[in-house]
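Here the sequence shown is numbered in this note's numbering, starting from 12 and rising by one per residue. Built from N, CA and C at the ideal position, the CB exists for glycine as well. Here the structure is a predicted model, which means the values were calculated and not measured.
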Amino acid sequence: MTSSQQEQLKSEITAMPRWLRRPIGKASELSTVQRIIKQRQIHTICEEGRCPNRGECYSQKTATFLLMGATCTRSCAFCQVDKGHAPMPLDLEEPQKVAQAVQLLGLRYVVLTSVARDDLPDKGAGHFVKTMETIRKFSPETQIEVLTPDFWGGAGAGEQGQRERIYEVVQAKPACYNHNIETVRRLQGPVRRGAKYDRSLFVLQVVKEIDSSIPTKSGLMLGHGETVEEVIETMADLRKVECDRITIGQYMRPSLEHLPVQKYWTPEEFDELGSIAREMGFSHVRSGPLVRSSYHAGVEE
């Protein structure tokens, strides 16, 4: 990074509103989790994505594991996770490693997410299932939420192949099925390269068609130039496919290589959107500047 880039990044950090600044959490809670995942060479989105809430979540016995390596085959312009067309070979021992970490940490609620693995025949659906099964062997009382990619493309391309992969994960009975739409329809192209708005709605729709008893969830990041009307329209589209839960948070630029922030939404604006979401029928709503997909995931409203 050049000196001018360093200065630019420093100025952006300085300009960040006070409500986005918070302590990271107790060092002891962070170091315990970090030591256990490092020893097993596994990943959490809490660490890879430098989530501002990780200390709080760890203290509540919740964590989000990032399956199938730390390199994503998509290139979303907002995401902190590394990108590349040659991800790591699938670690067949990862389900066991994650399950051991869950048991050692005494986690009560686990979120399993992953990088996109467009290189795999089933896009990683089977790996989600294997990890869920293994966690339940070690920690049968632990609830498991999944936050999956869209499982699109490759052999069996099209909606039928996507449906089959979703079916495989749904049959494993997660406590909640999460798939993030991330932003409004107009901004999908520049923000979510390789993903599509209607394709993401289809994921949530299919989950309900397969098993209507499983709660579905999606998330929005604000700050890319969306309007209030567009956000409300997106929430309405999610409710049309019977999405039960929603998270709404502020996008924060990870580096100068990522999209710049167009607007910092205020806590009051997030509160208002949260109220609208509840009026629209979402059963669980988390709306605030520091809210992320897994924030308070295991906590009832």
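For residue i and residue j, what's the separation of their Cα atoms in angstroms?
i: V272; j: L231; result: 14 Å
i: L118; j: F76; result: 12 Å
i: Y188; j: E268; result: 31 Å
i: V302; j: T55; result: 17 Å
i: F162; j: G172; result: 8 Å
i: A136; j: T277; result: 37 Å
i: K3; j: S211; result: Only positions 12 to 312 of the chain appear in this structure, which leaves residue 3 out of reach.
i: P132; j: E279; result: 45 Å
i: R174; j: F213; result: 9 Å
i: G200; j: D222; result: 31 Å
i: Q52; j: T142; result: 15 Å
i: L215; j: I48; result: 30 Å
I'd like the list of long-range same chain contacts for residue i, defined as Cβ closer than 7 Å, with 5 residues on each side in sequence excluded.
i: I146; result: V109, A110, V113, V121, T153 and I155
i: H138; result: L78, M79 and L101
i: V296; result: I257, G285, A288 and R289
i: K207; result: Q199
Would a C-beta distance cut-off of 8 Å place residue i and residue j closer than the cut-off?
i: S125; j: P98; result: no
i: F293; j: D255; result: yes
i: I192; j: V217; result: no
i: E237; j: L198; result: yes
i: V10; j: L103; result: No answer is possible for residue 10: the residues shown for the chain start at 12 and end at 312.
i: E170; j: K219; result: no
i: F281; j: S305; result: no
So, at 8 Å on beta carbons, what are the nonlocal neighbours of residue i in its own chain, with the 5 sequence-adjacent residues on each side left out?
i: Y275; result: M27, P28, L31, G234, Q261 and P300
i: E144; result: P106 and A183
i: V242; result: V195, L231, L233, I259 and L284
i: P226; result: A186, C187, Y188, D255, R256, S294 and H295
List the whole-angstrom C-beta distance separating residue i from residue j, where the pair is believed to meet the contact cut-off of C-beta under 8 Å.
i: V180; j: V140; result: 6 Å
i: H190; j: S229; result: 6 Å
i: M291; j: R264; result: That belief does not hold up - the Cβ atoms of M291 and R264 are roughly 29 Å apart, past 8 Å.
i: G164; j: D129; result: 6 Å
So, for residue i: in the same chain, excluding its five sequence neighbours on each side, which residues have a beta-carbon less than 6 Å away from its beta-carbon?
i: F149; result: A110 and Q114
i: T245; result: V195
Identify every run of the beta strand (DSSP E) within the region 199 to 253, keeping only runs that are complete inside it and at least 3 residues long; order them along the chain. Note on the region 199 to 253: whole beta strand (DSSP E) runs with a minimum of 3 residues are 227 to 233, in chain order.
Could I get the ranges of all uninterrupted beta strand (DSSP E) runs contained in the region 117 to 183, with 3 residues as the minimum, in chain order? Runs found: 120 to 125 and 154 to 158.
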